[in-house]
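Protein chains in written order, with the working numbering: chain A, 6 to 320; chain B, 1137 to 1452. Okay, so here's the structure we're looking at.
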Amino acid sequence: MPDGVIRAVNDVSFHVERGEVVAIVGESGSGKSVTALAILRLVSEPLGRIIAGAVRLDGQDLLRLDHEAMRRVRGHRIGMVFQEPMTSLNPVLSIGRQLTEAMQTHLGLSPGAAHARAVELLQLVGIAEPERRLKQYPHHLSGGMRQRAMIAMALSCKPELIIADEPTTALDVTIQAQILHLMQDLCRRLDVALIIITHNLGVVARYADRVNVMYAGRIVERGSASDLYRAPSHPYTIGLLNSVPRLDRPRDIPMEPIPGSPPDPLALPSGCAFRPRCKLAMSHCAEAAPPLRSVATAHESACFELHRLQAMVPA
Amino acid sequence: MTRYLIRRAIGAVIVMWAVATLVFFMLRIVPGDPIGAMLFDAGDAAAVEALRHKLGLDAPIYVQYVKWFWLVFQGDLGNSIYGSNMPVSKAIIEALPRTLSLAGLGFIIALVIAVPAGLIAATRRNTMLDNVVSFWAFLGLSMPEFWFGILLIIVFAAGLKWLPAIGYVPLSDGFWPWVSHLILPAIAVGTTFSAIIARNIRSGMLEVLKTDYIRVARAKGLTTSAVILRHAFPNALIPVITVAGIAFALLMANAVVVENVFSIKGLGRLLINSILNRDYPTVQGAVLVVSAIFVLSNLVVDVLYTMIDPRIRYDK
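Structure below.
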């Protein structure tokens, strides 16, 4: 690994309410996953460090907790669902063991009580024959089923927040919709806040209430999912929308991928990091990073050239 | 599983037969024979011929081979052709517990040192403790076990006079006399083994600690000891068991050498003496027993896999 300090995430700030689904969108390497791990303080020191900021859960700053107190937050008040259901379960422990251990650790449940709740949880996430599944090992389960089991684990200790990092990227398209629907539905019903990290705008459109678009470690645009679709207000967001094939647009309008690739985090461009790939870039974009500014109610964008944006918006 | 075990048992018999056959013919290819070893070329031709006939060595080799195997299948390993003409099985039964005690205790001592050392080195990577473990493992791999054995005798037996230097006392004479005679040689026998195991546990753990499921276990808020011992260690153990099975051979080989340093009349001593004397039946019998131990340890390794890793199942 080359030496140097990488500011993987910079000035990122957002909030989630209970029962609400917030999406963080961006390309690979834009800092989405690091943000998620940083919330749980799982960015391993001394390689990674949170230099400044606060992570408030119900008003309590998680960055000020000691290691032991933080451990009790993980899996208990914040559940996490990871990207790779195929490798996220321990191959040598039974599903039951992996599902009950957090409940025994955090809620102090007896093995019997934890088992009973595990059966309920598997039913909740739509796994048939829960008793039999609990005895099985991960290799007996399909990818979709494993991700359901992961969701059951994330829910097991009745968390206030669930962070799902690309929860459906590794799954078949038909399963993706089921899993996302399940997560959205459960979080609404159980009044849990949900952060979905994804690069898939389709996911955002259907399941998120609010969206944060990240580029090179910063939030460049945020607003409600419908605002973002109807009136995207950052060249990057527009670029993202233009690079997705859409069935609702005439076939003769070609897709327009964003030219170039995300910047090397060791050598970020000065000013606005999106500048080298931006059609609207002006000389003053190199001078300072644009701050988030309101473009409409609850809709913000970080771009100096907003007034020229109209030219980019697809018909 | 039963079918698998039966298949493995048949395989084991074939392996042991092959080893015994190989040893049988190799012994007869090696220059020198029992007559030369007994008479030191002093006897006249008639005496040599008489002795050859008495020992059955004047028969064609294939006749000797068939005869020996016929007896082995009946459970008779024959008699030593040297000295007291003691039955080979009796000599082995006397020697085997000594070697097994030595190797067994060496194995236990090695694991008691290697498991915590490997775990500490992996979880405290690149710290002073990790370096200490690495240095010790390097030393353990580099030191010849007989030299280390002599060193132990000089320090703990001759110098500090804490433990006896040589000999063996059976367990029936009491636990402490038995164990006190075995501690030093067992340490000498187990050092290389524990160095190998510690290094493998360290590298296995480092590999496993990078996996997604360990990150998940941490994200669940499990205690560090649960993450390390319940989630990481069993996974790290799978490759270690493979190495341990191979390294067990090394442990036995070390025992043979170390027995000589500590004057323990075990299987190794028996084997070496009988080879020097060209005591054909004793060598053949002892090698048969050693090969049985190896085949058995390999079987134990394969069964251990299924106990640790639910993905490994033999014939369902």
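Using N, Cα and C, we set each Cβ at its ideal position, and we do this for glycine too.
Beta carbon proximity, residue i to chain B, threshold 9 Å
i	result
residue 6 of chain A	Any reading at residue 6 of chain A is ruled out, since the residue's pLDDT is 37, under 50, leaving its predicted position unreliable.
residue 96 of chain A	yes
residue 174 of chain A	no
residue 260 of chain A	no
residue 17 of chain A	no
residue 314 of chain A	no
residue 165 of chain A	no
residue 219 of chain A	no
residue 188 of chain A	no
residue 309 of chain A	no
residue 279 of chain A	no
residue 124 of chain A	no
residue 89 of chain A	yes
residue 111 of chain A	yes
Span separating the alpha-carbon of residue i from that of residue j
i	j	result
residue 6 of chain A	residue 271 of chain A	In this prediction, residue 6 of chain A scores a pLDDT of 37, lower than 50, which makes its location untrustworthy; the coordinate-derived value is nonetheless stated afterwards. The straight-line gap from Cα to Cα measures roughly 11 Å.
residue 142 of chain A	residue 306 of chain A	47 Å
residue 251 of chain A	residue 206 of chain A	11 Å
residue 308 of chain A	residue 1272 of chain B	60 Å
residue 106 of chain A	residue 161 of chain A	10 Å
residue 153 of chain A	residue 1446 of chain B	21 Å
residue 320 of chain A	residue 256 of chain A	Any answer about residue 320 of chain A is weak, because its pLDDT of 45 lies below 50 and its placement is not dependable; what the coordinates show is given next. Residue 320 of chain A and residue 256 of chain A: Cα-Cα distance of roughly 13 Å.
residue 211 of chain A	residue 1260 of chain B	45 Å
residue 163 of chain A	residue 1345 of chain B	27 Å
residue 1427 of chain B	residue 1388 of chain B	11 Å
residue 1112 of chain B	residue 1152 of chain B	With chain B running from 1137 to 1452 in the structure shown, residue 1112 of chain B is simply not present.
residue 1329 of chain B	residue 1145 of chain B	27 Å
residue 99 of chain A	residue 140 of chain A	6 Å
residue 1355 of chain B	residue 115 of chain A	21 Å
residue 208 of chain A	residue 185 of chain A	8 Å
residue 133 of chain A	residue 112 of chain A	25 Å
residue 299 of chain A	residue 1251 of chain B	59 Å
residue 1407 of chain B	residue 1418 of chain B	8 Å
residue 379 of chain A	residue 243 of chain A	As displayed, chain A neither begins before 6 nor continues past 320, which places residue 379 of chain A out of reach and without an answer.
residue 94 of chain A	residue 60 of chain A	27 Å
residue 280 of chain A	residue 204 of chain A	20 Å
residue 1227 of chain B	residue 1207 of chain B	17 Å
residue 149 of chain A	residue 1240 of chain B	47 Å
residue 145 of chain A	residue 138 of chain A	9 Å
residue 1320 of chain B	residue 1404 of chain B	17 Å
Contact with chain A by residue i, beta-carbon distance below 9 Å
i	result
residue 1416 of chain B	no
residue 1319 of chain B	no
residue 1444 of chain B	yes
residue 1432 of chain B	no
residue 1336 of chain B	no
residue 1447 of chain B	yes
residue 1215 of chain B	no
residue 1366 of chain B	yes
residue 1371 of chain B	yes
Member of the options whose CA lies at the smallest distance from the CA of residue i
i	options	result
residue 1372 of chain B	B/1342, B/1292, B/1389, B/1157	B/1342
residue 1384 of chain B	B/1337, B/1242, B/1278, B/1279	B/1242
residue 1299 of chain B	B/1306, B/1307, B/1290	B/1290
residue 1165 of chain B	B/1416, B/1436, B/1440	B/1416
residue 177 of chain A	A/67, A/85, A/90, A/193	A/90
residue 67 of chain A	A/45, A/223, A/150	A/45
residue 1301 of chain B	B/1382, B/1279, B/1285	B/1285
residue 1367 of chain B	A/37, A/21, A/59, A/97	A/97
residue 1369 of chain B	B/1396, B/1347, B/1381, B/1386	B/1347
residue 1351 of chain B	A/22, A/79, A/202, A/266	A/79
residue 1376 of chain B	B/1413, B/1331, B/1294	B/1331
residue 1382 of chain B	B/1357, B/1418, B/1435	B/1435
residue 1234 of chain B	B/1438, B/1206, B/1303, B/1162	B/1303
residue 1220 of chain B	B/1292, B/1254, B/1174	B/1174
Whole-Å CB distance - residue i paired with residue j, under 8 Å assumed
i	j	result
residue 25 of chain A	residue 293 of chain A	Actually they are not in contact, since the Cβ atoms of residue 25 of chain A and residue 293 of chain A sit about 32 Å apart, beyond 8 Å.
residue 1257 of chain B	residue 1265 of chain B	7 Å
residue 129 of chain A	residue 157 of chain A	7 Å
residue 172 of chain A	residue 201 of chain A	7 Å
residue 155 of chain A	residue 37 of chain A	No, residue 155 of chain A and residue 37 of chain A are not in contact; Cβ-Cβ is about 18 Å, not under 8 Å.
residue 1402 of chain B	residue 1231 of chain B	5 Å
The ligand MN heavy atom lying under 8 Å from the CB of residue i
i	result
residue 261 of chain A	With respect to the ligand MN, the structure shown offers nothing to examine, as it has no ligands at all.
CB contact check: residue i to chain E, cutoff 9 Å
i	result
residue 303 of chain A	No chain E is part of this structure, whose protein chains are labelled A and B.
Taking only beta carbons into account, state which residues of the region 1344 to 1364 of chain B come closer than 9 Å to chain A, listed in chain order.
1347, 1348, 1349, 1350, 1351, 1352, 1353, 1354, 1355, 1356, 1357, 1358, 1359, 1360, 1362
Residues of the region 140 to 160 of chain A whose Cβ lies closer than 8 Å to any Cβ of chain B, in chain order
142, 144, 155, 158
Going along the region 34 to 47 of chain A in order, which residues come within less than 7 Å of chain B, judged by CB to CB distance?
45, 47
Output needed in chain order: residues of the region 64 to 82 of chain A with a Cβ under 8 Å from some Cβ in chain B.
76, 77, 78, 79, 80, 81
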